[in-house]
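*Asks:* For the sequence shown, the residue numbers in the working numbering are 15 to 480. Just so it is clear, CB atoms sit at the ideal spot from N, CA and C, and this is done for glycine as well. Got a structure for you, written out below as structure tokens; questions coming shortly.
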Amino acid sequence: MKIPRHIFREYDIRGVADRDLEDDLARELGRAFAFVLRKDVGTPRVAVARDGRLSSDRLFAALTEGLLAGGADVIYVGVGPTPMLYFAAHHLETHGAVMITASHNPAPDNGFKMMRGKASFYGKDIQALADLIEQEVALAEPPAARGKLTETRVEAAYIESVRQSSRLAHTNVRFVIDAGNGAAGPLGVATLSALGLAPEALYCDIDGTFPNHHPDPTVPANLAALRERVLATGATLGVAWDGDGDRIGAIDETGEVVWGDKLLLLYARALLREHPGATILGEVKCSETLYADIAKHGGRPLVWKTGHSLIKTKMKEEHALLAGEMSGHMFFADRWPGFDDAVYATVRLVEIVAAEGKTLRELLADVPPTFVTPEIRVDCPDALKFAVVADVVAHYRGKRPVLDIDGGRFDFGDGAWGLCRASNTQPVLVLRFEASTPERRDEIRREVEGVVAEAIRRAAEAGGRT
């Protein structure tokens, strides 16, 4: 079977639904995934959920048909956010799980996030799944019997689990929620209401066309409506959820964005009061102030690779209680099963604000100021990008301390650093820079960008000679 290999990515399968995700492909994806899980257990039980995109119903029907034909028993858990699917995998103790979503991608896109048991299904496993589909291996080895389809709703159990985990007493913290018409809106509002919270809700109905704004809280323009309501109402904070509800964004009482590493810093401080010495993971794009603050408060900071699947795997290896990414993925293994969940992260954030009696700006007032660039994306073909990064790392090795777990993070001293890594999902290089002054930051940026440009030129020349 001929398949579009570019949609089989590092962490998930994702593309333009009407171009890349035909029914036949979704059906064979289900059959192949069932085949993989049958190697673990005779008749696998697979939880399936979907978001509110217009193509999700079609893809659910095709995927489910493939899973059933592949001998898997399918448990449909409904329409909702990805964390609801993660919760279902734990709560129902399934052998696998599939979420039909394209996260924060544009409305015409869709895709699949997968789990094997309670672990992420990513990287080489996704590529091996693509091989199975292309080679039609699952068709050649049919199951003894067709699977069965049932429906089980888990919303009530999810809400109760959050309630049991929460330490929120009655609070009058005023905040605004913007779900961006994504999949987390209804369940998120119901969960917060069950805790006695009454946030002002913006765009919390599910609409797969995303009519109000793109559901990606890492883009400041998408927070305009949230900022307006926070300022207009005098709310203490504002919270945004991405399209499938596994990433949180936040703004403080002045409307300023509180980025992922600063949120993780606040979560870490609160956690370390109860768990001194706990291991806490960040990723290579996070500020140096985060890692210094974790150490200052008695924790064990670890820098790890970008990517929610990679971080969840590393958390288990290191027995970490908390992890987070700049993108807003927050992972709690303290009072929660360790998966990224924007609704649950919201509850923990409101807990902190209520307990401290301070705003986010006040809570972060003692963090040393730094000047950071946003992610800078440099176009670079997939065939060249990893060679380019290796060339840049080689340039700095011996000249600067280099952290090379995910591209290269180059230490320029006094907390200043530059990053060059290859995106796992796009033909781009990701650059980022931080320093104590904008002048030093820009100086480092000019230097590293020059090295990157020269590495791209050399890689292109070498490619032309082969």
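I'd like to know whether the C-beta atoms of Val442 and Asp393 end up nearer to each other than 7 Å.
*Replies:* For Val442 and Asp393, yes; Cβs fall inside 7 Å.
*Asks:* Expressed to the nearest angstrom, what Euclidean distance is found between the alpha-carbon atoms of Arg455 and Thr320?
*Replies:* So the two alpha carbons sit approximately 22 Å from each other.
*Asks:* Grab me the residues of Thr439's own chain with a C-beta within less than 7 Å of its C-beta, minus the 5 sequence neighbours each way, in chain order.
*Replies:* Contacts found: Arg23, Glu24.
*Asks:* First and last residue of the beta strand (DSSP E) that includes Asp123?
*Replies:* Here the beta strand (DSSP E) through Asp123 covers 123-130.
*Asks:* Please state whether DSSP places Val317 in a helix, a strand or coil.
*Replies:* In this structure, Val317 counts as strand in the three-state DSSP scheme.
*Asks:* Which value, in whole angstroms, describes the spacing of the CA atoms of Gly432 and Phe426?
*Replies:* Their Cα atoms are separated by approximately 8 Å.
*Asks:* Quick one: what does DSSP say Glu24 is sitting in, helix, strand or coil?
*Replies:* Three-state DSSP puts Glu24 in coil, outside helix and strand.
*Asks:* For Asp418, which of helix, strand or coil comes out of DSSP?
*Replies:* Residue state, collapsed to three classes: coil.
*Asks:* Please state if the CB of Glu339 and the CB of Gly421 are separated by a distance shorter than 7 Å.
*Replies:* It is not a contact, given that the beta carbons lie outside the stated cut-off.
*Asks:* With distances taken Cα to Cα, identify the nearest neighbour of Gly259 among Gly252, Ser323, Gly342, Leu216.
*Replies:* The shortest C-alpha separation from Gly259 is found at Gly342.
*Asks:* Use the C-beta contact count for Ala183: other C-beta atoms within 10 angstroms, 16 or more gives buried, fewer gives exposed.
*Replies:* Answer is exposed; the Cβ neighbour count stays below 16.
*Asks:* Rounded to the nearest angstrom, how far is the Cβ of Pro290 from that of Gly263, given a contact under 8 Å?
*Replies:* Pro290 to Gly263, Cβ: 30 Å. No contact.
*Asks:* Give the secondary structure of Ile140 by DSSP, where H, G and I count as helix, E and B as strand, and everything else as coil.
*Replies:* Ile140 falls in the helix class under three-state DSSP.
*Asks:* My parser needs the beta strand (DSSP E) runs of 3 or more residues fully inside the region 50-109; what are they?
*Replies:* The region 50-109 contains these whole beta strand (DSSP E) runs: 59-64, 87-93.
*Asks:* Just list the beta strand (DSSP E) runs in the region 279-354, keeping only unbroken ones of 3 residues or longer that don't cross its boundaries, in chain order.
*Replies:* 293-297, 314-318, 336-338, 344-346, all fully within the region 279-354.
*Asks:* Looking only at its own chain, which residues have a Cβ that is under 6 Å from the Cβ of Arg188, when we skip the five neighbours before and after it?
*Replies:* Taken in chain order, the residues that qualify are Ala249, Thr250.
*Asks:* Under 8 Å Cβ to Cβ from Leu277, same chain only, skipping five residues before and after it: list those, please.
*Replies:* Only Ile262, Ala264, Gly338, Gly342, Met344, Ala359, Leu363 meet the Cβ criterion.
*Asks:* Looking at Asn119 and Leu73, is the spacing between their C-beta atoms short of 7 Å?
*Replies:* Cβ distance not < 7 Å, so Leu73 and Asn119 don't count as in contact.
*Asks:* Are there three or more Cβ pairs, one per stretch, closer than 8 Å when the region 135-149 is compared with the region 56-74?
*Replies:* Verdict: no, contact absent.
*Asks:* My understanding is that Thr57 touches Leu163, with C-beta atoms under 8 Å, so please give their C-beta distance in whole angstroms.
*Replies:* With 8 Å as the limit, Thr57 and Leu163 do not qualify as a contact, their Cβ atoms being about 13 Å apart.
*Asks:* Rounded to a whole number of angstroms, what is the C-alpha to C-alpha distance between Ile308 and Val317?
*Replies:* Spanning the two alpha carbons is a distance of roughly 12 Å.
*Asks:* Could you spell out the range, first to last residue, of the alpha helix (DSSP H) harbouring Arg177?
*Replies:* 169-179 is the extent of the alpha helix (DSSP H) around Arg177.
*Asks:* Round the Cβ separation of Gly84 and Phe135 to the nearest angstrom and send it over; I've been treating them as touching at under 8 Å.
*Replies:* Between Phe135 and Gly84 the Cβ distance is about 15 Å, and since that is not below 8 Å, they are no contact.
*Asks:* Looking only at its chain, what residues have a beta carbon closer than 6 Å to the beta carbon of Ala128, apart from the 5 residues adjacent to it on each side?
*Replies:* Note on residue identity: the sequence assigns Met, not Ala, to residue 128. Result list for Met128: Val112, Phe135, in chain order.
*Asks:* Using three-state DSSP, classify Glu165 as helix, strand or coil.
*Replies:* Reduced to three states, the DSSP call for Glu165 is strand.
*Asks:* Which whole-angstrom value describes the C-beta separation of Ala292 and Leu335, a residue pair presumed to lie in contact below a C-beta threshold of 8 Å?
*Replies:* Rounded, the Cβ-Cβ distance is 5 Å, consistent with contact.
*Asks:* List the residues that DSSP assigns as beta-bridge partners of Asp425.
*Replies:* Trp431, per the DSSP bridge assignment.
*Asks:* Between the beta-carbon of Glu370 and the beta-carbon of Arg181, is there less than 7 Å?
*Replies:* Result no, Cβ atoms of Glu370 and Arg181 do not sit closer than 7 Å.
*Asks:* Distance, Cα to Cα, Thr480 vs Phe47?
*Replies:* Residue placement at Thr480 is poorly supported in this model, since its pLDDT is 48, which falls under 50; the coordinates still yield a value, given next. Whole-angstrom Cα-Cα distance: 38 Å.
*Asks:* Helix or strand or just coil, what does DSSP make of Glu461?
*Replies:* Looking at Glu461 - three-state DSSP - the assignment turns out to be helix.
*Asks:* Give me, in chain order, the residues of the same chain whose beta-carbon lies closer than 8 Å to that of Arg52; leave out the 5 immediate sequence neighbours on both sides.
*Replies:* Contacts found: Pro58, Gly84, Gly85, Ala86, Pro157.
*Asks:* In three-state terms, what does DSSP make of Gly210?
*Replies:* It is coil, neither helix nor strand.
*Asks:* When you compare only the Cα positions, how much space is there between Leu446 and Gly269?
*Replies:* Strictly speaking, residue 446 in this sequence is Arg, with Leu absent from that position. Going by the C-alpha atoms only, they are around 24 Å apart.
*Asks:* Take the Cβ of His333 as the centre, count every other Cβ of all protein chains shown within 10 Å, and call the residue buried at 16 or more, exposed below.
*Replies:* Counting Cβ neighbours within 10 Å, His333 comes out exposed, since fewer than 16 surround it.
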